[in-house]
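If you use my numbering, the sequence shown closes out at 379, no skipped numbers anywhere.
Idealized CB from N, CA, C, for every residue including glycine.
Quick caveat, the model's predicted, so the values are computed rather than measured.
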Amino acid sequence: MKEMLMKDLEESQGGKSSEVLSATELRVQLAQKEQELARAKEALQAMKADRKRLKGEKTDLVSQMQQLYATLESREEQLRDFIRNYEQHRKESEDAVKALAKEKDLLEREKWELRRQAKEATDHATALRSQLDLKDNRMKELEAELAMAKQSLATLTKDVPKRHSLAMPGETVLNGNQEWVVQADLPLTAAIRQSQQTLYHSHPPHPADRQAVRVSPCHSRQPSVISDASAAEGDRSSTPSDIHSPRHRTHSLCNGDSPGPVQKNLHNP
Numbered sequence: 111m112k113e114m115l116m117k118d119l120e121e122s123q124g125g126k127s128s129e130v131l132s133a134t135e136l137r138v139q140l141a142q143k144e145q146e147l148a149r150a151k152e153a154l155q156a157m158k159a160d161r162k163r164l165k166g167e168k169t170d171l172v173s174q175m176q177q178l179y180a181t182l183e184s185r186e187e188q189l190r191d192f193i194r195n196y197e198q199h200r201k202e203s204e205d206a207v208k209a210l211a212k213e214k215d216l217l218e219r220e221k222w223e224l225r226r227q228a229k230e231a232t233d234h235a236t237a238l239r240s241q242l243d244l245k246d247n248r249m250k251e252l253e254a255e256l257a258m259a260k261q262s263l264a265t266l267t268k269d270v271p272k273r274h275s276l277a278m279p280g281e282t283v284l285n286g287n288q289e290w291v292v293q294a295d296l297p298l299t300a301a302i303r304q305s306q307q308t309l310y311h312s313h314p315p316h317p318a319d320r321q322a323v324r325v326s327p328c329h330s331r332q333p334s335v336i337s338d339a340s341a342a343e344g345d346r347s348s349t350p351s352d353i354h355s356p357r358h359r360t361h362s363l364c365n366g367d368s369p370g371p372v373q374k375n376l377h378n379p
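Now the structure itself:
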């Protein structure tokens with residue numbers, strides 16, 4: 111600083127070589143220079159303080175930046191963990207949804223299979239019920255025919271003499287040139303045939319009765335009352351409406367439902 115002042119002094123002395131400066135002027139200039147020097151020193155001190163302050167601020171800023179970087183890294187790690195867990199949960203959810211979809215499809219197939227089986231079972235039960243109804247109807251028809259046959263048998267055996275109708279098992283009954291053995295355990299058809307033949311041979315018809323027998327529409331069917339019932343048993347398509355058919359009415363005439371010329375003539379030999 112002194113060098114600068116000396117330099118300025120020399121320049122001023124060189125510029126004013128022709129002038130002679132007084133000591134007072136020199137002192138004034140020196141005082142001014144000293145003031146300028148003091149201001150420069152203060153500015154320098156201020157600059158040093160600012161520099162020191164900036165260094166501290168820089169250190170603080172660096173520390174804050176480091177903390178920020180650490181926080182960012184921590185948040186990034188958390189975000190990565192969250193994304194990883196989310197992906198894992200999403201995959202598990204997708205697997206669970208696929209499993210549920212497969213189970214749903216399986217349950218749907220089982221449901222349709224059960225419905226099909228239920229429908230088949232219903233159809234089978236309906237078919238069985240239809241068959242059962244047909245069998246019941248057929249059984250009723252057979253029961254009606256059996257009752258009619260029993261009635262016919264009772265009507266025929268009522269007119270047979272008591273000694274022939276009450277013949278004991280093993281007793282020999284002579285009817286003209288034929289010999290019949292009455293058995294207690296004969297089938298119904300055989301019993302009816304034997305009773306009819308016994309009645310026919312016990313009371314031979316007169317010539318007028320023979321003509322009445324020939325005129326009778328059911329005389330040719332007298333030897334077997336159950337033969338038509340046995341034949342009807344093989345016909346599954348018969349219905350209760352057949353009872354009112356002409357064929358059934360012929361049976362009724364032959365079985366004694368209404369007294370015919372044959373029975374009348376047989377009662378009056």
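{"Check": "Distance between D246 and A235 (C-alpha atoms, nearest Å)", "Outcome": "16 angstroms"}
{"Check": "Spatial distance of L170 from S184 (CA atoms)", "Outcome": "Here residue 170 turns out to be Asp, not Leu, going by the sequence shown. Whole-angstrom Cα-Cα distance: 21 angstroms."}
{"Check": "First and last residue of the uninterrupted alpha helix (DSSP H) at S203", "Outcome": "A133 to K268"}
{"Check": "Per-residue burial, E251 [other beta carbons within 10 Å of its own, 16 or more giving buried]", "Outcome": "buried"}
{"Check": "Residue environment, A259, which counts as buried when at least 16 other CB atoms sit within 10 Å", "Outcome": "buried"}
{"Check": "Local Cβ density within 10 Å of L140, reported as buried at 16 or more and exposed below that", "Outcome": "exposed"}
{"Check": "Inter-residue spacing [alpha-carbon to alpha-carbon] between E223 and K212", "Outcome": "16 angstroms"}
{"Check": "Separation of L136 from K151, as counted between CA atoms", "Outcome": "22 angstroms"}
{"Check": "Environment of L263 [buried if 16+ CB atoms lie within 10 Å]", "Outcome": "buried"}
{"Check": "Separation of Q227 from L242, as counted between CA atoms", "Outcome": "22 angstroms"}
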